[in-house]
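Student:
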Amino acid sequence: MPLIPEEPQIHESAQGPRVTPAAGRTAPTPRPVPGPRSAATPRPGRPGPGPARPAPPAQRPHPTPGQSKPARPENRSAPQIQLIPASAAGALDAADEAVDLLLESGRAPGDILVLTTGEQHPWAVHELSFGDAAYWAQHEAGDDVFFAGAGAVASDRLEPRPVVVVAVNGGDTVADALSGARERAGALLIVCGDPQTINAVLGAGV
């Protein structure tokens, strides 16, 4: 499927589920919790959670008083769908790599929503530890990548974003999660997981 020009070139890996890192990649380390980042500062070392909550980035401009926040243009047509083959165990890593590529290509962090169908992403687990209100306040601020689980897809609070990345990492509600993700993707839907499972939900030929 051809990519729209402004989207990053995310190539599928070799056929079959991906269970090992690509050649040349450093040895995997325990999954840390990413902190706030800007498009110019992609995940330096992916530091783990510290004793205190990371401070919000100060370099991003915010609307001045009396100036409304510019609304993202809504595209109600079907989003472009990209498939990244991965095993359930490797889906989170594949989704993280897709986010890194999006940021490196110039996508604003606030344009990206990451969903998981099974176990929550470590970022979501970490932020939810500070309380539900603080967690959703970050989503409403809309100035950073936001991570949510399958249960949040049914919530009216989960707003659409131009790009939605889904890690199909297990769970019993894959079909509902993928359908909800497609509804919330404005321009691009990237799905990381087993191709057979994904095609069964989103349609053959994805």
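Its first residue numbered 20, the sequence shown is counted upward by one per residue in the working numbering.
From the three backbone atoms N, C-alpha and C, an ideal C-beta is built for every residue, glycine too.
1) Here's the rule I'm using: 16 or more other beta-carbon atoms within 10 Å means buried, otherwise exposed. How should Glu-123 be labelled?
2) Using a Cβ-Cβ cut-off of 6 Å (strictly less than) and excluding sequence neighbours within five positions of Gly-199, which residues of its own chain qualify?
3) Exposed or buried, what is Gln-139 when buried is set at 16 or more other beta-carbons lying within 10 Å of its beta-carbon?
4) Which residues in the same chain as Gly-137 place their Cβ atom closer than 6 Å to its Cβ, once the five residues preceding and following it in sequence are excluded?
5) According to DSSP, what are the bridge partners of Gly-212?
6) Can you grab the Cα-Cα spacing for the pair Pro-68 / Leu-132, in whole Å?
7) On the criterion of 16 or more Cβ atoms from any shown chain inside 10 Å, does Ala-108 qualify as buried, or is it exposed?
8) Measuring CA to CA, which of Pro-104, Ala-97, Ser-96, Pro-98 is closest to Gln-215?
9) Using three-state DSSP, classify Gly-205 as helix, strand or coil.
10) What span of residues does the alpha helix (DSSP H) with Leu-120 cover, start to end?
11) Grouping DSSP H, G and I as helix and E and B as strand, with all else coil, what is Val-193?
12) Once you ignore the five residues that flank Ala-204 on each side, which residues in its own chain have a CB closer than 6 Å to its CB?
13) Where does Gly-125 land, buried or exposed, given buried means 16+ other C-beta within 10 angstroms?
14) Can the beta-carbon of Ala-117 be found less than 8 Å from the beta-carbon of Ile-209?
15) When the Cα atoms are used, what is the spatial distance from Gly-222 to Leu-102?
Tutor: To lay it out plainly:
1) Counting from one through the sequence shown, the residue named residue 123 turns up at place 104. When all chains shown are included, Glu-123 counts as exposed.
2) Here residue 199 refers to the residue found at position 180 when the sequence shown is read from its first residue. Once the five neighbours on either side are set aside, the close Cβ partners of Gly-199 are Val-172.
3) Numbered from 1 along the sequence shown, position 120 holds the residue referred to as residue 139. Classification of Gln-139: buried, given that the 10 Å Cβ count is 16 or more.
4) Translated into positions along the sequence shown, residue 137 becomes position 118. Same-chain partners within the cutoff: Asn-188, Gly-189, Gly-190.
5) For this step, residue 212 is matched to residue 193 along the sequence shown. According to DSSP, which records beta bridges pairwise, Gly-212 is partnered with Pro-104.
6) In the sequence shown, counting from the first residue as 1, residue 68 sits at position 49. In the sequence shown, counting from the first residue as 1, residue 132 sits at position 113. Residue placement at Pro-68 is flagged as unreliable, the pLDDT there being 44, under the threshold of 50; a coordinate-derived value is accordingly withheld.
7) Counting from one through the sequence shown, the residue named residue 108 turns up at place 89. Exposed, because fewer than 16 other Cβ atoms sit within 10 Å of the Cβ of Ala-108.
8) Counting from 1 along the sequence shown, the entry for residue 215 is found at position 196. Nearest of Pro-104, Ala-97, Ser-96, Pro-98 to Gln-215, Cα basis: Pro-104.
9) Against the sequence shown, residue 205 aligns to sequence position 186. It is a strand residue.
10) Taking the first residue of the sequence shown as position 1, residue 120 is located at position 101. Segment 110 to 123, the alpha helix (DSSP H) holding Leu-120.
11) Taking the sequence shown and counting its residues from 1, the one referred to as residue 193 is at position 174. Note: Val-193 maps to helix in three-state DSSP.
12) Along the sequence shown, one-based indexing puts residue 204 at 185. Cβ within range, chain order: Pro-98, Val-183.
13) Numbered from 1 along the sequence shown, position 106 holds the residue referred to as residue 125. It is exposed - the Cβ of Gly-125 has fewer than 16 other Cβ atoms within 10 Å.
14) Residue mapping note: residue 117 aligns to position 98 of the sequence shown, counting from 1. Residue mapping note: residue 209 aligns to position 190 of the sequence shown, counting from 1. Yes, the pair counts as a contact, with Cβ atoms nearer than the cut-off.
15) On the sequence shown, position 203 is the one that residue 222 refers to. On the sequence shown, position 83 is the one that residue 102 refers to. Using only the alpha carbons, I get a separation of about 12 Å.
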